[in-house]
C-alpha cells in the first residue's frame, strides 16, 4: 500500500483540516464534504488523517461492534453473545478509513453472497461490503459527485438509518453501519445531488493558494515526499503524533463541554436570519462548535466558536437564490457580521 | 521563429493555434523532448496530453515514444469504451467456472503498472472513466471493489492521452489535463519536420538513476512558482510538475544540480501551454521580498554553495523563454482581452465532453428484468448465476429432480444500463439588446440556474446563447455544472441592436450538435421579436426581420422543439409570427420572474 502523505505536512487549507479533525472528534456532526479546485490536497489530507486517528475499542466480530453500544447497534452475533454472557470482550483496533472507489459495484458496497464459499462449499453466506467495513469509522468517496446514482441511493438510506439492510440473492441480513461520510470533488465536473449534500455535516470549499510562499512550500514538500516517502514520513512523525494526541484529548473532553443558553440563542438567531431549512443546520452548528471547543481545550462553547465554524456548517444548507450574485459563503459571512459585529 | 507575435488569422477563427516554440526550439523537438522526460520520470510527470489528429506525425511521435521505453516496460492501449471490469479488474468468469472458486482478472491499469497507458480518443472519454484513472494517479494503486472481490494493487503509470479534438469546444477533461505535465500540440507540425530524435533508450536508462540525486534550490522553485502565478496558472500541480521536469532534464543532461537551462525547458514544456494570461509588465509586488524560510522541518539547502543568481533576473530570463513558447493564437487572444475564451481553451471543456456520444454507451450493469427495451446482459447474468450452480443443483437433487443444466433464476438477471439515453439540452437564446436587456438577462440567468439546480435529477444540460449589437455568442456551452454556469453568467453584457437571426442561427447550430450526438435539444428563444440587425451586422429592420423568419423556418425544418417567450411589455405580433415560423410554442410573458420562466421551460421540455 502506498505511503500516505502526512496530515500535518499538508500546507494551508486550515478550514479543511479543522473540519476533518472535528468530524473525527464527534462523528455525530455528520461528516465533511470537501469541494474545490484541483490539486489542493483534498484527498491527500483525508488519506493522511487515517494514519493518525487514535485507536478504538471493538468487539472481535465482523463489524467491529462497540462493546458499549446498545442492542440496536450490535450485530446479530454480538447481540446473541451479549444475551448469553452479559458482556462482550473487546480489544483496541485502528479506526477504519474505507475508500469507496468509483466503479465499485453494488455487491461490494452493501455486501452480498460470499462467492468463495458459494463456489467451493456450496454454502449460502453473507460477505459484508464496504459499509460494514466502515462501521464506526470513515467512509471516503473521492469524486463524490461522479458516484453512480444507485450507489448514492443505498448510501443515503444507510447513512440515515445507521443500519444496512441487505435483501438480495436470497439473503436477508441486517447489520449496524454508522460511519463518518467524507466526500471530495470538483464542482466543475458536476453537481452533487442535494439529498446527498445535505447528509454532510460540514462542507468546505478549498481554493488553490495564491500567495507565493505557500505555493512554494507545497511544491517543496511534495517534491521531498516523492523523492523519499519513508524519510519524509519519519520527519513528520512527531507532528502527526501531536495531532493524534490532540484528537484523543478532545474526544475525552467532549462530554464535559457545555453549551450555555446564550450560545444556543445566538445560533438560533443566525439560522433564522439565514432561513436554513429545519433544525439540522442548528444542530450541526452546535455540535461542531462543541467539537471545536474540545479541540481547543475549552470547556464552554462561546459565540466565537460558533462564528468560526458557522460557514462550514451552514453554507451548503442555504436555499439557492439564483439572483443573489454572492455565493452562499459570503451570505453566511454577511449574516455573522450583521449579527455579531466584527 | 524568433518572435511569435499575434496571429490574428488564427486567433479569430477559433481554430487551435499552432504550437510555437522558443527561439531555436521547434515544436517537434520539444515534443520529442517531452517524450524523453516523461519516460525518465513517468510517475513524477504523469504523462502527455497529445493534441493531434491521427496521421503520420502522430504515429511518428508515438513510435519514438515507444522506442524510448526500456525493455519490458508494459504498454497498454485503453479504448474509449473500456468497461470498468476491464479497466479496474473483476471476476474472470471463465476461469471462475473452471476452477470452482473466484478467480480475479487483472485490469488494464494494473497491467500497465510501471509503464505507459495510451488513451485512445481521450477527448471523448467518459467522466467516470477519467475519474477512475485519476484515482489511480493520485493514490498510486487501483482499489477494486467489484464482483465480490476487494483488492488493492499498486499501479503507477504515465498516460499518453491522444486528444483528437477539433476546435476549442473539444478537448481533454480538466481533471485529466491537470494531472499530465506535458500538453503538446502536433497538428501544425509538418511530416517532413517530424523525423529527428536525438535520444534513445540508453539516454533514458542513464538518466533514471541520476534523477533522485538532482537538487533544485529554493530560488529555482520560487522562480517556477512565480512564473506560474504571472501566467495565471492556478493549479499547483503545474508548479510541481515544472520542478519535476526541470530535475528530469538535469538528469538527462548529466547534471546533479538544476540549471537555468533546465528551468527554461520546464517553463516552455509545462507552464507555457497552461498560460491563461500574459504576465504583468511590472513584477508583482509580493514577488520582490525573498520568501520566508519554511518554518517546518528545516531543509538543508546550504549544500548548494553556488552564487545564487538574483531571483528577479533569473525569473525574467525564464519568463521570457516561457512566454516565447505560449501558442501565438493564445497570445493574440490574451492581447485582445478575450480572456473568457482563452480560459475555456486553456482549461479544457468538461461540459462539452460530458455531452459526448449519448446513445448506446453502456454505463454499468444493474439487477433487473429485461423489459421495456432494457437489454439483458448475458455475460453479467451468467456471472451472477455462476456461484449458485452448486447450491441450486443440490437443492434440485434434494427435491428429487436432479439435472445438469445451468440454473438461472430471476434474481440473476442483469441488464445493461445506458447513460444519457434521453438526455435533453435546454438552449436559451436570449435577446440582450436594448434598454430592457439587463432586466431580461437577470431573468434568464435565474431560469438557467433554477434549471441547473434540478438538472441533476433531470439529467439535463443547459446552454446559453446571447445576441446583441452585431452578432451572437455562446456564453455557456452545454453544461451541467452550476459553477461553470454561474461563472459565465456573471459577466453577461447587455445593450445594442437586435441581431435576432444570428441568435437563432447560433442556437440552432448548438441544437443541431446536440441532436447529432443523440441528445434532445430544446430551444428557448427570449425576445420581443423586433429584429433590427441583419446577419452581416448591418442595420435595417426589414431585412433583419426577413432573415430572422428564415432562421426560424430552418429551426422548424430540423424539427427542434422550441419555445418563444415574448418579453415585450405588451405582446407583439412579431413574436407570435416568429413562433409560428419556428413551429414553436408561443408564450407572452411580460412580467416573468425566474420561477415562472422555469416552469414554462419545464413544461416545454417535458
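Residue numbers (the UniProt record's numbering), protein chains in the order written: chain A, 1 to 342; chain B, 1 to 606.
Here a beta-carbon is modelled for each residue, glycine too, at the ideal position from N, C-alpha and C.
Less than 8 Å separates the beta-carbon of residue 143/A from that of residue 102/A. Secondary structure at residue 232/B: coil, using DSSP grouped into helix, strand and coil.
Shown here for residue 65/B: same chain residues with a beta carbon closer than 6 Å to its own, the five before and five after excluded, namely 35 in chain order.
If you look at residue 150/A, you'll find it in the alpha helix (DSSP H) that goes 149 to 161. Only exposed fits residue 569/B, as fewer than 16 other CB atoms lie within 10 angstroms of its CB. For the pair of segments examined, the segment 122 to 142 of chain A was found to touch the segment 157 to 177 of chain A: the number of CB pairs separated by less than 8 Å reaches three. Taking a beta-carbon distance threshold of 8 Å, residue 30/B does not count as an interface residue toward chain A. At least one beta carbon of chain A lies nearer than 8 Å to the beta carbon of residue 138/B. 234, 235, 236, 237, 238, 239, 240, 242, 243, 244, 247: these are the residues of the segment 233 to 259 of chain B whose beta carbon lies less than 9 Å from some beta carbon of chain A, given in chain order. Interface residue (Cβ-Cβ distance to chain A less than 8 Å): residue 131/B is classified as such. Neighbours of residue 391/B in chain A, taken as residues at a C-beta separation under 7 Å, are given in chain order as 118, 122, 124.
Listed along chain A are 43, 99, 101, 102, 103, 142, 143, each with a C-beta nearer than 9 Å to that of residue 135/B. By the Cβ neighbour-count rule, residue 70/B is exposed, with fewer than 16 other Cβ atoms within 10 Å of its own. No Cβ-Cβ contact shorter than 8 Å links residue 45/B with residue 157/B. Residue 94/A has a beta carbon lying at 8 Å or more from every beta carbon in chain B.
According to the DSSP assignment, residue 503/B belongs to the alpha helix (DSSP H) that extends over 500 to 516.
With respect to residue 218/A, residue 11/A sits close: the two C-beta atoms are nearer than 8 Å. For residue 130/B, the uninterrupted alpha helix (DSSP H) run begins and ends at 127 to 139, by DSSP.
The Cβ-Cβ distance between residue 173/B and residue 125/B falls below 8 Å. Under the three-pair Cβ rule at 8 Å, the segment 541 to 550 of chain B does not count as touching the segment 506 to 521 of chain B. One alpha carbon belongs to residue 385/B, the other to residue 63/B, and they sit about 44 Å apart. Taking a cut-off of 8 Å on C-beta distances, the segment 218 to 234 of chain A does not touch the segment 249 to 268 of chain A, as fewer than three cross pairs fall below it. With fewer than 16 other beta carbons inside 10 angstroms of its own, residue 3/A counts as exposed. Residues of chain B with a Cβ closer than 9 Å to the Cβ of residue 115/A are, in chain order, 91, 96, 101, 102, 147, 148, 149, 386, 387.
For the segment 182 to 210 of chain A, the full-length alpha helix (DSSP H) segments reaching 4 residues or more read 194 to 199 along the chain. Residue 332/A is not a Cβ neighbour of residue 293/A, given a cutoff of 8 Å. Taking a C-beta distance under 8 Å as the contact criterion, residue 48/A and residue 208/A do not qualify as a contact pair. Within chain A, the residues whose beta carbon sits less than 7 Å from that of residue 84/B are 103, listed in sequence order.
For a Cβ distance threshold of 7 Å, residue set 175 of chain B lies close to residue 186/A, ordered along the chain. Contact annotation: the segment 142 to 151 of chain B does not touch the segment 201 to 212 of chain B, with fewer than three C-beta pairs closer than 8 Å. Separation of the CB atoms of residue 20/A and residue 45/A is rounded to 6 Å, and the pair is thereby assigned contact status at 8 Å.
The segment 175 to 189 of chain A makes contact with the segment 139 to 155 of chain A; the number of CB pairs closer than 8 Å reaches 3 or more. Less than 8 Å divides the Cβ of residue 146/A from the Cβ of residue 131/B. Listed in chain order, the non-local C-beta contacts of residue 111/B below 7 Å within the same chain comprise 74, 76, local neighbours out to five positions each way being set aside.
DSSP places residue 55/A outside both helix and strand once states are collapsed to three, so it counts as coil.
Pairing residue 8/A with residue 198/A gives a Cβ-Cβ distance that is not under 8 Å.
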